[in-house]
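This report concerns only the one structure given below.
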Amino acid sequence: MEIKLPEPDKSSPLFKLLVKRRSIRKYAKQPLRLEELSRILWATYGVVDSRRRVVPSAGATYPVEVYVFVKSVEGLKPGIYKYSEHEHSLLLVKEGDYSKELSSACMDQEWVRAAPVNIVIVAVYERTTEWYGERGFRYIYMEAGHIGQNIYLASAELDLGTVAVGAFHDEEIKRIIGLGDEYIVLYVFPIGRAH
Ligand SMILES: Cc1cc2nc3c(=O)[nH]c(=O)nc-3n(C[C@H](O)[C@H](O)[C@H](O)COP(=O)(O)O)c2cc1C
Numbered sequence: 008m009e010i011k012l013p014e015p016d017k018s019s020p021l022f023k024l025l026v027k028r029r030s031i032r033k034y035a036k037q038p039l040r041l042e043e044l045s046r047i048l049w050a051t052y053g054v055v056d057s058r059r060r061v062v063p064s065a066g067a068t069y070p071v072e073v074y075v076f077v078k079s080v081e082g083l084k085p086g087i088y089k090y091s092e093h094e095h096s097l098l099l100v101k102e103g104d105y106s107k108e109l110s111s112a113c114m115d116q117e118w119v120r121a122a123p124v125n126i127v128i129v130a131v132y133e134r135t136t137e138w139y140g141e142r143g144f145r146y147i148y149m150e151a152g153h154i155g156q157n158i159y160l161a162s163a164e165l166d167l168g169t170v171a172v173g174a175f176h177d178e179e180i181k182r183i184i185g186l187g188d189e190y191i192v193l194y195v196f197p198i199g200r201a202h
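In our numbering, the protein residues as written are 8 to 202.
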């Protein structure tokens, strides 16, 4: 038996964004504004209050760390930064434009090289596996999905373009950022103004 559902009303702000969301791989050369990066990062892993962030996390273990590869953002030097979510600030890890190295680690995906910003999502897996054992890995991948959808929807809201990039050599990305064995690399999101 099939029950036909009523046509969903897609006129509300969230539903409009769900319709608008798509992968965009061509970006204008314009730099991003700091205000735009701030909103994207808050939507990625921002703190809402003392108990919650913008995404769910298994057992509230929050294993994720967010790194930002800046090629061209108004008011920021090119570099690799760590997003400090409690302070909502950026900590400089390494100065310089590493977009070519990151693109090479992502099988030469052109959109990674060209984007003014790449957000790299990594996790310290033991924060979750110490509670959940092997199943913790699954939970970390699920959390990355929540984060990714937030990045897509925030980009759509701001008229920016992004694409989820999952094809990369983990060890190369870890080497570029300077991350140890306790990390896994989950996702790369180039962000730019849609061309
Ligand atoms: C886990 C995952 C990995 C992906 N990896 C890549 C990738 O490495 N490069 C890329 O260009 N797109 C990648 N995509 C984006 C998909 O190609 C895209 O979502 C799909 O074609 C559907 O298009 P849409 O996002 O516009 O709806 C990935 C998507 C997901 C969910």
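All residues carry an ideal CB built from backbone N, CA and C; glycine is no exception.
Looking only at its own chain, which residues have a Cβ that is under 7 Å from the Cβ of residue i, when we skip the five neighbours before and after it?
{"i": "R28", "result": "Y159, L160, A163"}
{"i": "C113", "result": "V119, V172, A174, F175, V195"}
{"i": "V80", "result": "P38, L39, L41, L44, P123, V124"}
{"i": "G103", "result": "P85, G86"}
{"i": "E108", "result": "I183"}
Just the C-alpha distance for residue i and residue j, rounded to the nearest angstrom, thanks.
{"i": "V129", "j": "A121", "result": "21 Å"}
{"i": "P38", "j": "S45", "result": "14 Å"}
{"i": "E280", "j": "W118", "result": "Outside the displayed range of the chain (8 to 202) lies residue 280, so it cannot be described from this structure."}
{"i": "S96", "j": "Y90", "result": "6 Å"}
{"i": "H176", "j": "M8", "result": "47 Å"}
{"i": "P63", "j": "R134", "result": "15 Å"}
{"i": "I183", "j": "K78", "result": "15 Å"}
{"i": "R142", "j": "D115", "result": "32 Å"}
{"i": "H153", "j": "F144", "result": "15 Å"}
{"i": "K181", "j": "I191", "result": "8 Å"}
{"i": "F22", "j": "S30", "result": "17 Å"}
{"i": "H202", "j": "S106", "result": "19 Å"}
{"i": "S111", "j": "S19", "result": "40 Å"}
{"i": "E94", "j": "S57", "result": "12 Å"}
Please return the same chain residues whose Cβ sits closer than 8 Å to the Cβ of residue i, not counting the five positions on each side in sequence.
{"i": "R60", "result": "Y52, G53, V54, Y69, E92"}
{"i": "V75", "result": "L44, L48, I87, Y88, K89, Y90, L97, V124, N125, I126, V127"}
{"i": "L24", "result": "L160, A163, E164"}
{"i": "A50", "result": "V61, N157, I158, L160, A161"}
{"i": "G155", "result": "I128, A171, Y194, F196"}
If the criterion is Cβ atoms closer than 7 Å, does the pair residue i and residue j meet it?
{"i": "L167", "j": "I126", "result": "no"}
{"i": "Q193", "j": "A151", "result": "Checking the displayed sequence, the identity of residue 193 turns out to be Leu instead of Gln. Closer than 7 Å, so yes."}
{"i": "R32", "j": "V170", "result": "yes"}
{"i": "Y148", "j": "A65", "result": "no"}
{"i": "V26", "j": "K36", "result": "no"}
{"i": "E189", "j": "V100", "result": "no"}
Please report whether the beta-carbon of residue i lies at a distance below 7 Å from any beta-carbon of chain D.
{"i": "W49", "result": "Checking the listed chains, one finds no chain D in this structure; it contains a single protein chain."}
Say yes only if the C-beta of residue i is nearer than 6 Å to one or more non-hydrogen atoms of ligand 3, and no if none qualify.
{"i": "G199", "result": "In the structure on display, ligand 3 does not appear, and the ligands it does have are ligand 1."}
(message) Would the segment 77–88 count as touching the segment 133–153 if we require 3 or more Cβ pairs under 8 Å?
(response) no
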